[in-house]
Amino acid sequence: MKKIFNEINVFKMSICALAMIGATACTEIQPIERLPQLTMNVSGGPERVFNEPVDTILPELAGAEATGNNGRVGNQLVFWEFRLQDNSRANFFACAQDDSTDCDRRIRQVCPGGGEELLRKDTSGLVRHLDCKAVGIASVGEMFPNCTDSQKDEALLVGLVKCQ
């Protein structure tokens, strides 16, 4: 009988040890941050974000020409490529500054082969917000069904980055 109690106690201790290991393993799991994708689907220029010309925001863009090679990294960073006066190319970026956005990481994604950030500064610009509900009724032709679309001036990090 004593042997059975000892075996039961050993079994209980083994179960407790496994439970503690499992609990420790579960608490040490770090969520994997999903990197936003780089897409080249931006058709509008900086005039849709800023009320002033780009060379007023960044004097380095004086005399620069837009190439139309525009993109975004997730929904928080958008960039527009310009041909500068010296015939080199640089991307003018704008990143919405909020607590959940790592602008530095997104800026590095603008140039998949690497690049050099030339300058940055804070300014404000028009930021679009879509607040969508999971369930709703969609009408024919509605681009964003069951969504409230709003725009407001917010803090932006802007700058230039040259790709290699």
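Going by my numbering, the sequence shown opens with residue 47, and the numbers climb by one from there.
Built from N, CA and C at the ideal position, the CB exists for glycine as well.
Every value quoted in this text rests on a predicted model; they were computed, and no experiment measured them.
Collapsed DSSP secondary structure at residue i in the structure displayed
i, result
"Asp168", "strand"
"Glu200", "strand"
"Cys209", "strand"
"Glu163", "strand"
"Val100", "helix"
"Cys149", "helix"
"Leu84", "strand"
"Glu106", "helix"
Cutoff 7 Å; reference residue i; Cβ partners in own chain excluding five residues on either side
i, result
"Glu163", "Ile153, Gly205, Val207"
"Leu203", "Cys141, Gln143, Cys149, Arg166, Asp168"
"Lys179", "Asn192"
"Gly182", "Pro191, Asn192"
"Leu107", "Val100, Asp101, Phe128, Phe138"
Cα-Cα separation, residue i to residue j
i, j, result
"Asp177", "Thr194", "5 Å"
"Gly187", "Asn133", "43 Å"
"Pro158", "Thr85", "11 Å"
"Phe138", "Leu165", "10 Å"
"Leu81", "Trp126", "20 Å"
"Gly109", "Val124", "21 Å"
"Gly91", "Lys198", "17 Å"
"Ala136", "Glu98", "19 Å"
"Gly114", "Glu93", "13 Å"
"Leu172", "Ser185", "27 Å"
Same chain only: Cβ atoms within 8 Å of residue i, ignoring 5 sequence neighbours per side
i, result
"Glu111", "Phe128, Arg129"
Residue i vs residue j beta-carbon contact at 7 Å
i, j, result
"Gln143", "Ala201", "yes"
"Gln210", "Gly161", "yes"
"Pro155", "Val119", "The sequence shown places Gln at residue 155, not Pro. Yes, these two residues count as a Cβ contact at 7 Å."
Residues near residue i by beta carbon distance below 6 Å, same chain, minus five either side
i, result
"Ser196", "His175"
"Asn116", "Val88, Trp126"
Boundaries of the beta strand (DSSP E) in which residue i is found, first to last residue
i, result
"Ala136", "135-142"
"Ala23", "Nothing about residue 23 can be reported from this structure: the residues present for the chain run from 47 to 210 only."
"Glu93", "Counting along the chain, Glu93 falls outside any beta strand (DSSP E), and DSSP gives it neither H nor E."
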